[in-house]
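First up is the structure itself, then whatever we jot down about it.
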Amino acid sequence: MTTPLTIVGGGIGGLSSAIALARKGKLVQVMERAGEFRAIGYGIQLGPNAFQAFQHLGIEQEVLGKCSLPHEGLLRDAHTAEVLLRVPMGSRMKECYGKPYAVIHRADLHQVLLDGCSRLGVGLTTNCELLNFSDDGGSVELETTRGRRVASALIAADGVASKVRSKLFNTLEPQKLGYAAFRAVHPMEKMPAKFGNNAVVLWCGAGYHMIHYPLRGGRLFNLVAVFDYWLDQARSSQTSLADRLIERFSSACEEVRELLGYVDLSQHWEIATIEPIGEWSKGRVALLGDAAHAMVQAMAQGACQAIEDSVVLAECLADAAGDETSHIEKSFRAYQGKRILRATRVQYMSRYMWELIHVRDAFSLLRRDLLAKFRESDVLEELSWLYGANGGKPRDIARLRYEPAL
Ligand SMILES: Cc1cc2nc3c(=O)[nH]c(=O)nc-3n(C[C@H](O)[C@H](O)[C@H](O)COP(=O)(O)OP(=O)(O)OC[C@H]3O[C@@H](n4cnc5c(N)ncnc54)[C@H](O)[C@@H]3O)c2cc1C
72 MTTPLTIVGG GIGGLSSAIA LARKGKLVQV MERAGEFRAI GYGIQLGPNA FQAFQHLGIE
132 QEVLGKCSLP HEGLLRDAHT AEVLLRVPMG SRMKECYGKP YAVIHRADLH QVLLDGCSRL
192 GVGLTTNCEL LNFSDDGGSV ELETTRGRRV ASALIAADGV ASKVRSKLFN TLEPQKLGYA
252 AFRAVHPMEK MPAKFGNNAV VLWCGAGYHM IHYPLRGGRL FNLVAVFDYW LDQARSSQTS
312 LADRLIERFS SACEEVRELL GYVDLSQHWE IATIEPIGEW SKGRVALLGD AAHAMVQAMA
372 QGACQAIEDS VVLAECLADA AGDETSHIEK SFRAYQGKRI LRATRVQYMS RYMWELIHVR
432 DAFSLLRRDL LAKFRESDVL EELSWLYGAN GGKPRDIARL RYEPAL
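The C-terminal position of the sequence shown is numbered 477 in the numbering used here, with every residue numbered one higher than the one before it.
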């Protein structure tokens, strides 16, 4: 019997990889520690580059069927309400890159990925946490909460706090950045009409930001508020994070303060990332998605990059067919070689954008001045390295090989 390739982690990266590998004829199993394969109930943005990858996964139309297509992205100053930058989306972006910019409910995306896995016969196991592993050269032995298993190779899509990454490279705990995110999704009819615009709106404040967009064809309103709680660390012990969020937003314009009233203050997410790492694989084990290149969400690319990883990984494994260690190691090295510079660039640019979004005082004047120089056509050109299919050349999507631009 063939020994399966095992993917640890049933998030967007893990499930996309399972589809990509199964489409190459691989026997694949995914193990997830949670009781079910489920996404958190909020929205996610998908750049045109994600749709290039979905095309290769054979699920592009299915994903699109569940998406909303915003007509523009707006960067606005949260204090003055001024529009700092306008990013054309809708038909302009699609004409430029051949694929659209879209937003989708994470649960809908997860369902498409799970359906794809089921159609392709991927083994899906829940309540199965990877506790340890050892690569003996001929296979990988996995110790899980459901017993021991053997895999021909292990793909670690186990997220920013990847245990596999820690064990492989003996370091790299995720770094907290001192930012907390609060989210909400509401039926659109609950929202004042002025917030019903079909756009992705990012409000930039001093040490905070807010982002919102409609989901499910405008029936839902998705909202995220993020703030830097290390800026006022002194009071951390006395005041709750939610109260400090409200205080931080107190200098925002009326529209943003009104929106803050719709944020769910009962739970928050710690923003964590990792520094770019120079190695993504060792022997029969490879990292993928946030495990390899967790990034801040300033360019909305963490999941998009994980989806790209999955397509490239499967192509590399298919190229070096066979279960011999040399084949697998060669494939994983090829995968790393094709992906690491691009993912690192996206990590780096995301961090840069993160700083730009949150600047204070005179820096915000500088930001205003810098962004005012961009015309809409410049913005599309600037983004072509990220969204364009091949070397940033828009619309050239008919190539057989999948090589996202550096
Ligand atoms: C506020 C916010 C907004 C974002 N917005 C966007 C966006 O608009 N667009 C975008 O592209 N990205 C966005 N991202 C980033 C995106 O969510 C992540 O990059 C992406 O979900 C990573 O997917 P992943 O599969 O690599 O990891 P994860 O989604 O973290 O999945 C890891 C999975 O592995 C499982 N697991 C972990 N350890 C084990 C173990 N030992 N055994 C078994 N299972 C295990 C976990 O339970 C989990 O299911 C955002 C992130 C945040 C925080």
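Just so it is clear, CB atoms sit at the ideal spot from N, CA and C, and this is done for glycine as well.
- Bridge partners of Met-281 according to DSSP: Trp-274, Ala-296.
- Secondary-structure assignment with DSSP links Asn-203 through a beta bridge to Glu-214.
- Contact between Pro-119 and Tyr-458 holds: CB atoms are separated by about 4 Å, below the 8 Å threshold.
- Under DSSP, the beta-bridge partners assigned to Ile-78 are Val-101, Ile-226.
- The straight-line gap separating the alpha-carbon atoms of Trp-351 and Glu-153 is approximately 42 Å.
- Spatial neighbours of Gly-114 in its own chain (CB-CB distance under 8 Å, excluding positions within 5 residues in sequence) are listed in chain order as Val-174, Ile-175, His-176, Arg-177, Val-256, Tyr-284, Leu-286, Leu-291, Asn-293.
- Burial is judged here by how many other beta carbons sit within 10 angstroms of a residue's own beta carbon; Gln-304 has fewer than 16 and is exposed.
- DSSP places Lys-401 outside any beta strand (DSSP E); the residue lies instead in the alpha helix (DSSP H), whose first and last residues are 396-429.
- With contact defined as three or more Cβ pairs closer than 8 Å, the stretch 267-282 and the stretch 354-361 are not in contact.
- A distance below 8 Å separates the beta carbons of Ile-226 and Ser-88.
- Rounded to whole angstroms, Cys-188 and Gly-194 show a C-alpha spacing of 8 Å.
- Per the C-alpha coordinates, the member of Asp-432, Trp-340, Trp-301 positioned closest to Val-295 is Trp-340.
- Ranked by Cα distance from Leu-201, the options Val-221, Gly-209, Gln-182, Arg-190 are led by Val-221.
- DSSP places Arg-438 in the uninterrupted alpha helix (DSSP H) bounded by 433-443.
- Under the three-state reduction of DSSP, Asp-380 is assigned to helix.
- As the crow flies, the alpha-carbon of Tyr-419 is around 29 Å from that of Leu-331.
- The distance from the Cβ of Gly-267 to that of Asp-299 is about 30 Å, inconsistent with a contact at the 8 Å cut-off.
- If you compare the alpha carbons of Gly-85, Leu-76, Thr-77 with that of Asp-361, the shortest gap goes to Gly-85.
- Excluding its 5 nearest sequence neighbours in each direction, Phe-204 has C-beta neighbours in its own chain below 8 Å: Val-211, Glu-212, Leu-213, Glu-214, Leu-225, Val-235, Lys-238, Val-356, listed in chain order.
- No Cβ-Cβ contact shorter than 8 Å links Thr-242 with Met-102.
- Contact between Leu-146 and Leu-155 holds: CB atoms are separated by about 5 Å, below the 8 Å threshold.
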